[in-house]
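In this note's numbering, the protein residues as written are 21 to 188.
Positions of the beta carbon are idealized from the N, C-alpha and C atoms, including for glycine.
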Amino acid sequence: MLSKKIEAALNQQIAIEAMSSQAYLAMASWAENQGLGGTAAFLYKHSDEERMHMLKLVKFVNERGGKAVIPALKQPGTNYKDITEIFKALFQSETKVTNEINGVVDLCLKEKDYSTHNFMQWYVSEQIEEEALARTLIDKLNLIGNDKGGLYLFDRDLLGMGNTPLKG
Ligand code: FEO
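The following block contains the structure:
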C-alpha cells in the first residue's frame, strides 16, 4: 500500500509526464508545419513515449492501492524561433523531469518504500538516455549552423529514429 506522501509524489509525476507529452506534441506539430517531417516524426514518437511514462505510473499507483489522478493540461507554447530552440527547450524540460524523478526516489528512501524505489529505477535510466540524446541532437544542430543541406540530413536522420517502435 502506498503512503499518502508517495501517492501524492507519484500523482505529481503523472502530471509532469502528461505535460511533457503535450509539450512535445506541440513541438511535433510546429515541426510538421515547417516541413521538417523527420523532426515531426521523432517528436510525435517522443510525445507518445511520455504518454507511456504517464500510463505506467497511473497503473502502478492503482495497482498499489492508491488512486491515480488524471490531470488537466495547460496549453503548451506553440511558437519557436527555430529547430535549435525546440531541442534546447526539450533538453531543459528533461533536466527538470530528472530532478523531479530524483526527488521521488529520495522520498521513497525516506519513506522506506522499496518497491516504489525499485519501480522508479526504470525512470532514472530512461532520463539518462533522454538527456544524452537531447544533448547529442543540440551538438549536431550547433555543428550544422545555418547549413541547409546539413539540416536536411539531420531531419532525415530523425525520421529514422521517429519510425522505430516505442519502447515498452
Ligand atoms: Fe518521461 Fe522524458 O521524461
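Annotation for E70 indicates a beta carbon within 7 Å of some heavy atom of ligand 1. Only exposed fits W142, as fewer than 16 other CB atoms lie within 10 angstroms of its CB. With a threshold of 7 Å, the Cβ atom of E150 counts as near ligand 1, since some heavy atom of the ligand is closer than that. Shown here, A43 sits in a helix according to DSSP, grouped into three states. When DSSP states are grouped into helix, strand and coil, A61 belongs to the helix group.
I164 and M140 do not touch by the CB rule: their CB atoms are close to 36 Å apart, not below 8 Å. Take the alpha-carbon of L161 and the one of T104: they are about 6 Å apart. The three-state reading of DSSP puts D102 in coil, since its state is none of H, G, I, E or B. In this structure, R155 and G58 do not form a Cβ contact; the two beta carbons are roughly 19 Å apart against a cut-off of 8 Å. By the beta-carbon neighbour count (other beta carbons within 10 angstroms, threshold 16), T115 is exposed. Distances from the alpha-carbon of N31 to those of G86, S67, E70 and Y64 put G86 closest. For H73, the shortest C-beta to heavy atom distance toward ligand 1 is below 7 Å. Taking each of F62, T118 and A28 in turn and checking the Cα distance to P91, the smallest one comes out for A28. Its chain contains W142 as the residues whose beta carbon lies nearer than 8 Å to that of K76, once the 5 sequence neighbours on both sides are disregarded; these appear in chain order. Restricting attention to beta strand (DSSP E) runs no shorter than 3 residues, the stretch 115-179 encloses none. The stretch 61-81 and the stretch 35-49 touch, with no fewer than 3 CB-CB distances between them shorter than 8 Å.
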